[in-house]
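Residue numbers (this note's numbering), protein chains in the order written: chain A, 14 to 261; chain B, -8 to 578. Just so you know, even glycine gets a beta-carbon here, dropped at the ideal spot from N, CA and C. Note that this is a predicted model, so its numbers are computed, not measured. This report refers to the structure that appears directly beneath it.
Next comes the structure, spelled out in structure tokens:
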């Protein structure tokens, strides 16, 4: 029993330290028995590391990457007040997520049928997240070419892009292969995730999103600050892997 | 065919709060106790140490703490004339999975129900006259006085931080004057309050209300519980609900009971083992054990003398249906009891935005809050109001995490430059009040098996048919404006109100993981699935724990009452059932 556990653990540790995708992720689990009175079933200095995706882009094609970049940059634009999705590397985050278990919809109930839902019934797409992005970006470009003299989404002006996205958000346009609204909502959700996630996942580069709103990140002890009484608490953000100023 | 495992005295289905409490009690009797948990082993050091725990994407948005819908989900519709569709991504509620269950990712808001909540039908009818026929509200069959010692014990196991308001009938300054009597003060003093609670307390006092510190399963100081397990002071990190606590500061099965349990040679837990069915003997008079599927897809039979369902309410109810124990409720005829009286929680909220002051809500804890109970339960006169039950109004400072928390004022677009700038302007200058209301049973809100959707083994999903009722809407319409008035007295720039009851119940936005009913308790086999000791009327060696036994839900978070009922049941098994195995209440 013990040997089996150590083997599994070291496999996970090895796979993560090599920085590769853990393709089999949840299927590695196997039934275990823990008997009272045996040695405690945990090992010192071993923790279950986050799955943070592959190091390099694996999912988007170059054209999809450009489209995703343009799309996410309109959801959280760059302006003089601070960085947007682009500076935060949101597309790198999304690409890694879509290449991993999340893109496959591995944890989601995916059995059909898929009739049109009522407003209250929630997400009902037959597409995995990866499929939703692939079909969604293609449908977005097809729509833009049809309505904007053959131009793809990336070739529209920012005002034109905003108008298309607003029409998707407000259900004024429909795509054939995917629900335009569902794709927009999902793209918005993942853009926000990529802007504010821990930098270990590839987005929120240099904690740009956290700095912008004043979130101190993955800190875990604020006892010295609980009695702030309405005054600002200004702490530089820290990620799971630390902070740049630790080593500068 | 299933291979047989060696028989055990007790099999517990699931290994969260109720299983840990039950295992601790029954191993004390020398019984061989086995817990079957469909998720994995989890402990603080390995699975959510402080170096990993504050990870919003992983634990909340990627559901590392929650049951995968691929494994079990429900279908949902608002009424029985619609077609229910499966919940593919969790929204309104978040069932847990793994050792410790949802007790790992809860906030730790640990309220007792009021004495009148346990006799909701009798109490309200005596005071206000007969309830409408469609309100299938009933008494629990157990009283507050009977549960009091068990509330007390659970609060000591957890080390709840709080301030008593009623010690054996004496009203104590600073506590909740409306609460049921307590035999003792809380084991720990209240948490440190922060800016929002100070404003709330002043505003509520100014309106003649009675604010008190919320009872918290977050430690206000180091604590050793009666089992000898140590907890550490809370550090207000703001990663409580939806997260495991890396600091040993939040009471969970891991931080209070499991370390003791794992030293007992008569306790075993098998992980990655999903119970498929409760087995009955040939005459349908006794449970003989369960079948379960291990992670390799192999089916096993586990014989046991006692079978105790300790899963989440939704899973326990479905397991009863899939095992063919009892009749499934039918709203057209009113017959059948399994799945009847599904209830939830009626929530609304008030957002407060400040101009100058910083709320810094990233500094918080799951149960850091001040509460007023003046409008909960029957603490106020309902004459002429057209509803029963109530809600607490609370100023919580639990967290401010940027993927989830977007405190932008009404009228702000949901994306683009304006959204981004509003996020920056308000992220550190916002707080909110929470109105946490009772959900009364209605004959049209229920659970049954879905005719269209199946799980990975081809078994029907459970179908939820639920919408807010007239009682819910009137309750929310009456109490939310009181919260709004408190909010307006807290000195902010702007106040926004949102009530879930303005629309049909929506499965998407998170409301609360307080699903109740479906395996309800009561006084006779004609009105309930289990008797007052949580023992099945049909199979006397089957017991069902959890909030599924609530005949209707009160205006409080359910865990304290779930735990007290579990201990009450455990003591009945120890004191009565083991001496004379059979029905503890004669039908």
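query                                                                                                                           : result
Through-space distance from residue 182 of chain A to residue 198 of chain A, alpha-carbon basis                                : 7 Å
Residue 170 of chain A versus residue 157 of chain A: straight-line alpha-carbon distance, rounded                              : 12 Å
Contact belief for residue 454 of chain B with residue 75 of chain B at Cβ below 8 Å, rounded distance in angstroms             : 5 Å
Cutoff 8 Å: residue 73 of chain B Cβ touching any chain A Cβ                                                                    : yes
Whether residue 256 of chain A touches residue 100 of chain A by CB criterion (8 Å)                                             : no
Contacts that residue 224 of chain A makes with chain B (C-beta to C-beta distance below 8 Å)                                   : Within chain B, no residue comes near residue 224 of chain A; the closest Cβ sits about 10 Å away, beyond 8 Å.
Reduced DSSP secondary structure (H/G/I, E/B, other) of residue 47 of chain A                                                   : strand
Opposing strand residues paired with residue 383 of chain B [DSSP bridges]                                                      : B/427
Three or more C-beta pairs below 8 Å linking the region 243 to 254 of chain B and the region 41 to 57 of chain A                : yes
Beta strand (DSSP E) segment containing residue 66 of chain B, residue limits                                                   : 65 to 68
is_contact[residue 194 of chain A, chain E] using C-beta, thresh 8 Å                                                            : No chain E is part of this structure, whose protein chains are labelled A and B.
Cβ neighbour criterion (16 or more within 10 Å) applied to residue 41 of chain A                                                : The predicted position of residue 41 of chain A is uncertain, since its pLDDT is 46 and thus under 50; no value can be drawn from it.
Boundaries (first-last residue) of the beta strand (DSSP E) holding residue 296 of chain B                                      : 290 to 300
Status (buried if at least 16 other CB within 10 Å, exposed otherwise) for residue 24 of chain A                                : Here the model assigns residue 24 of chain A a pLDDT of 36, short of 50, so the residue's position is not dependable, and the following value carries that caveat. That one is exposed.
At least 3 beta-carbon pairs within less than 8 Å: the region 319 to 336 of chain B vs the region 408 to 422 of chain B         : no
Nearest-angstrom Cα separation, counted from residue 81 of chain B out to residue 149 of chain A                                : 22 Å
Contacts that residue 74 of chain A makes with chain B (C-beta to C-beta distance below 8 Å)                                    : Per Cβ cutoff of 8 Å: no residues; residue 74 of chain A is ~25 Å from chain B at best.
Rounded C-alpha distance that separates residue 4 of chain B from residue 447 of chain B                                        : 20 Å
Same chain, Cβ closer than 6 Å to residue 32 of chain B, five either side skipped, listed in chain order                        : 90 and 262
Length of the line joining the Cα atoms of residue 229 of chain B and residue 250 of chain A                                    : 14 Å
Whole-angstrom C-beta distance between residue 35 of chain B and residue 237 of chain B, which should lie under 8 Å             : 6 Å
Below-8 Å beta-carbon distance, residue 464 of chain B vs any chain A residue                                                   : no
Chain A within 8 Å of residue 4 of chain B, Cβ atoms only                                                                       : no
Status (buried if at least 16 other CB within 10 Å, exposed otherwise) for residue 254 of chain A                               : exposed
Within chain A, the residues that residue 32 of chain B reaches when beta carbons sit closer than 9 Å                           : 45, 47, 54 and 55
Chain B residues whose Cβ lies nearer than 7 Å to that of residue 59 of chain A                                                 : 37
Interface partners of residue 209 of chain A on chain B, CB under 7 Å                                                           : 393 and 394
Whole-angstrom distance between residue 317 of chain B and residue 160 of chain B, CA atom to CA atom                           : 42 Å
Distance between beta carbons of residue 103 of chain B and residue 170 of chain B, contact taken as under 8 Å                  : 7 Å
Three-state secondary structure assigned by DSSP to residue 177 of chain A                                                      : helix
Nearest neighbour of residue 478 of chain B, chosen from B/198, B/162, B/93 and B/29 [CA to CA]                                 : B/198
Local Cβ density within 10 Å of residue 233 of chain B, reported as buried at 16 or more and exposed below that                 : buried
Host alpha helix (DSSP H) of residue 215 of chain A (start-end)                                                                 : Element bounds for residue 215 of chain A: n/a, residue is neither H nor E.
Among B/481, B/341 and B/517, nearest to residue 491 of chain B - alpha-carbon criterion                                        : B/341
Distance between beta carbons of residue 559 of chain B and residue 133 of chain B, contact taken as under 8 Å                  : 6 Å
Own chain partners of residue 155 of chain B with C-beta closer than 7 Å, once the 5 adjacent residues on each side are dropped : 163, 166, 173, 176 and 177
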